[in-house]
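Visitor: Just dropping this structure here.
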Amino acid sequence: MSEHLSNSLQQKISERLRFYEDIGVGHFYRDRRDAGLTPEPQAVAPAQQSTQRNEERSLPKPQSKPLPPVAPALLRKFEPPRVDDGPSLFEASNKIENDTLLKIREDLGDCKRCKLHKTRHSIVFGDGNPKAQLIFVGEGPGADEDAQGLPFVGRAGKLLTQMIEAMGLQRKDVYICNVVKCRPPENRQPEKDEVAECSPFLLRQIDTIAPKVIVCLGSTAAQTILQTSRGISHFRGEWIEFRGRKLMATYHPAYLLRNPAAKGEVWKDLQKVMAELGLQVKKGKSA
Ligand code: SF4
Numbered sequence: 078m079s080e081h082l083s084n085s086l087q088q089k090i091s092e093r094l095r096f097y098e099d100i101g102v103g104h105f106y107r108d109r110r111d112a113g114l115t116p117e118p119q120a121v122a123p124a125q126q127s128t129q130r131n132e133e134r135s136l137p138k139p140q141s142k143p144l145p146p147v148a149p150a151l152l153r154k155f156e157p158p159r160v161d162d163g164p165s166l167f168e169a170s171n172k173i174e175n176d177t178l179l180k181i182r183e184d185l186g187d188c189k190r191c192k193l194h195k196t197r198h199s200i201v202f203g204d205g206n207p208k209a210q211l212i213f214v215g216e217g218p219g220a221d222e223d224a225q226g227l228p229f230v231g232r233a234g235k236l237l238t239q240m241i242e243a244m245g246l247q248r249k250d251v252y253i254c255n256v257v258k259c260r261p262p263e264n265r266q267p268e269k270d271e272v273a274e275c276s277p278f279l280l281r282q283i284d285t286i287a288p289k290v291i292v293c294l295g296s297t298a299a300q301t302i303l304q305t306s307r308g309i310s311h312f313r314g315e316w317i318e319f320r321g322r323k324l325m326a327t328y329h330p331a332y333l334l335r336n337p338a339a340k341g342e343v344w345k346d347l348q349k350v351m352a353e354l355g356l357q358v359k360k361g362k363s364a
């Protein structure tokens with residue numbers, strides 16, 4: 078079989094299998110519909126697209142069964158402490174009518190609202206499907222992201238991509254952004270004033286995309302959005318209601334690079350997200 082696979086595909090499968098091994102998935106099945114029992118549609122796309130589809134079909138699917146969708150009654154009513162006298166991020170009343178990602182980006186402009194602009198190379202606005210049902214929110218850009226102007230493209234980004242693909246999705250199906258759009262120097266955590274200046278744009282992105290589920294990657298994203306100083310371990314993996322949407326906090330991929338043993342916990346969290354989005358219920362459904 079390997080003689081038919083390109084080196085890049087072999088490497089991708091190898092990385093995917095390693096990821097599944099890390100998260101405790103050791104067995105795979107092959108859907109009979111993928112085993113050639115269903116006639117293939119006539120290929121009309123260019124050869125490159127056809128090859129890509131074949132490669133995607135060849136990737137293993139996780140065996141784990143999705144958990145049932147969360148019942149509304151199980152959603153945790155998170156009571157965040159109020160910060161200063163400003164409006165709570167939980168209040169959706171400041172929604173801008175007919176807002177679009179383009180407008181938000183235009184409003185951001187060549188932003189110098191906080192000191193992070195002094196050391197950035199790029200504003201990393203966000204990337205992905207503007208109608209995504211699933212948004213991942215990280216802390217802020219790192220060096221690779223600052224250089225390329227795209228979120229999660231470094232080592233941690235590669236792991237996030239594996240996580241997304243393990244869910245049966247592709248990056249283009251979801252939307253990925255950060256709490257702050259400019260890289261904090263030395264990859265330090267964003268400071269309170271920086272978050273205060275930048276987070277309104279994040280909230281506009283969330284409101285505009287109107288996802289079904291928000292996944293906060295890491296404590297900074299979760300603490301910022303939930304306006305709490307409590308450690309992520311207090312609410313990781315639990316459904317929280319946020320501005321009328323379901324929010325799940327889980328560990329940041331960079332943390333997983335340092336602590337691979339935590340990948341299994343993140344996979345459990347993502348399985349809850351998959352169930353909520355109906356993934357694996359209807360094969361091929363995208364977020
Ligand atoms: S981090 Fe946000 S608020 Fe600060 S300069 Fe960059 S875009 Fe503007």
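Heads up: the sequence shown begins at 78 in this note's numbering, then just goes up one per residue.
All C-beta atoms, glycine included, are put in the ideal place defined by N, C-alpha and C.
Values in this document were obtained by computation on a predicted structure and should not be read as measured data.
Report all residues from its chain with a CB closer than 8 angstroms to the CB of VAL256; omit the five preceding and five following residues, and keep chain order.
Guide: VAL214, GLY215, GLU216, GLY217, PRO267, VAL272, CYS275, SER276, LEU279, THR297, ALA298, THR301 and ILE302
Visitor: From the DSSP output, in three-state form, read off ALA326 for me.
Guide: strand
Visitor: Helix or strand or just coil, what does DSSP make of ASN264?
Guide: helix
Visitor: Give me every residue whose Cβ sits closer than 6 angstroms to any heavy atom of the ligand SF4, in chain order.
Guide: LEU185, CYS188, LYS189, ARG190, CYS191, LEU193, HIS194, ILE200, VAL257, LYS258, CYS259, GLU271, GLU274 and CYS275
Visitor: Quick check: the segment 233-242 against the segment 188-204, are at least 3 beta-carbon pairs closer than 8 angstroms?
Guide: no
Visitor: Given a cut-off of 8 angstroms, decide if ASP204 and THR285 are closer than it, judged by their beta-carbon atoms.
Guide: no
Visitor: So PRO288 and TYR252 are supposed to be a Cβ contact under 8 angstroms. How far apart are they, rounded?
Guide: Between the beta-carbon of PRO288 and that of TYR252 there is about 7 angstroms, and that keeps the pair under the 8 angstroms contact cut.
Visitor: Taking the C-alpha atoms as reference points, what is the distance between GLY219 and GLN247?
Guide: The straight-line gap separating the alpha-carbon atoms of GLY219 and GLN247 is approximately 22 angstroms.
Visitor: What are the boundary residues of the alpha helix (DSSP H) that includes PHE278?
Guide: 269-286
Visitor: Which runs of the alpha helix (DSSP H), 4 residues or longer, sit entirely within the segment 157-238?
Guide: 178-185 and 220-225
Visitor: With burial defined as no fewer than 16 other Cβ atoms inside 10 Å of the residue's Cβ, what is the status of ALA338: buried or exposed?
Guide: exposed
Visitor: Could you pull out every residue in the same chain whose Cβ sits closer than 7 angstroms to the Cβ of THR128, ignoring the five residues on either side in sequence?
Guide: Below a pLDDT of 50, predicted positions are generally treated as unreliable, and THR128, at 43, falls in that range; the measurement from the model is reported next regardless. Counting only Cβ-Cβ distances below 7 angstroms, and skipping sequence neighbours, we find nothing.
Visitor: My assumption, with CB atoms under 8 angstroms, is that LEU294 sits in contact with PRO330. Please give the rounded CB distance.
Guide: 7 angstroms
Visitor: Taking its Cβ as the centre, do 16 or more other Cβ atoms sit within 10 Å of ASN264, making it buried, or is it exposed?
Guide: exposed
Visitor: Looking at the C-beta of LEU334, does it have a partner C-beta in chain C at a distance below 8 angstroms?
Guide: Going by chain labels, chain C is absent from the structure shown, which holds only one protein chain.
Visitor: Within this structure, are the beta carbons of SER372 and ASP184 separated by less than 8 angstroms?
Guide: Since the first residue shown for the chain is 78 and the last is 364, residue 372 is missing from the structure and cannot be characterised.
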